[in-house]
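In terms of the working numbering, the sequence shown has 11 at position 10, counting the first letter as 1, and numbering is strictly consecutive. Note sheet for the following structure.
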Amino acid sequence: MRVYNAVKHEFHGKIRSYFGSFLCVCWSVDRKYIAAGGEDDLVTVYSVDDNCVVTRCEGHGSWVNAVSFDQELCPKRSSGSSHASHSRKQSNKLQDMDNAKKLSSTSLVSDLVHGPIYRLVSVGQDGCLALWDLTADSLKIRRP
């Protein structure tokens with residue numbers, strides 16, 4: 002699959018499946034990641050900023066038919082003035098901390114406070130609906 006910047010009319014990068022073709026694709030809310038699923042039974046996550054695949058989620062027993070980012074949990078796309086944006090970020094961080102205090106002390110709570118979580122949902126022909134929580138650590142590029 003090829004990624005183009007339609008505004009600038011530029012080729013940005015290419016995503017290859019591990020095997021076969023991609024059957025579905027979805028952008029994250031903040032436009033930083035693209036998730037794709039297909040005939041390889043995997044969900045592939047591509048970083049637009051780093052122009053590479055950052056992780057592959059393994060767990061389906063058959064082709065992946067649909068992928069979608071959770072609109073409520075994923076970080077929102079920033080817009081507006083820098084002051085308003087900063088105020089919103091501070092407010093969101095405080096709200097996340099309040100939510101974390103209400104929940105028990107699990108690793109999910111730690112991730113809410115210390116970094117963004119991208120929740121990804123995928124559905125395969127095997128009848129499985131899978132939920133993937135992608136933390137900042139799982140989205141880091143690992144170089145040999």
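C-beta: ideal position from N, C-alpha, C; glycine also. Just so we're clear, the structure is a prediction, and the values are computed from it rather than from any experiment.
| Item | Value |
| --- | --- |
| Are the CB atoms of F70 and R3 nearer to each other than 9 Å? | no |
| G128: which of A7, R57, D42 sits nearest, CA to CA? | D42 |
| Please name the residue, chosen from T136, H61, F12, that lies closest to V161 on a Cα-to-Cα basis. | Outside the shown range of the chain (2 to 145) lies residue 161, about which nothing can therefore be said. |
| With DSSP as the reference, please indicate the residues paired to K15 in a beta bridge. | R3 |
| Quick check on the DSSP output: what are the complete beta strand (DSSP E) runs of length 3 or more inside the segment 9–71, in order along the chain? | 11–15, 23–28, 34–39, 43–48, 53–59, 65–70 |
| Report all residues from its chain with a CB closer than 7 Å to the CB of D138; omit the five preceding and five following residues, and keep chain order. | none |
| Please report the distance separating the alpha-carbon of G81 from that of W133. | Caution is warranted here: a pLDDT of 47 is assigned to G81, below 50, making its placement in the model unreliable, and the coordinate value is therefore given only provisionally. Distance between the alpha carbons of G81 and W133 is about 30 Å. |
| Our contact map puts G125 next to V65 with C-beta atoms below 8 Å; I'd like the distance itself, whole angstroms only. | 5 Å |
| Once the 5 residues before and after R24 are set aside, which same chain residues still bring their CB inside 7 Å of it? | Residue 24 is actually Leu in this sequence, not Arg. These residues qualify, in order along the chain: G38, G39, E40, W64, V65, N66. |
| Helix, strand or coil, according to DSSP, for D138 in the structure here? | coil |
| Quick one, which of V54, C27, D51, I118 has its alpha-carbon nearest L74's? | I118 |
| With V55 and C27 assumed to form a contact (beta carbons below 8 Å), what rounded beta-carbon distance in angstroms separates them? | Not confirmed; about 15 Å, so no contact. |
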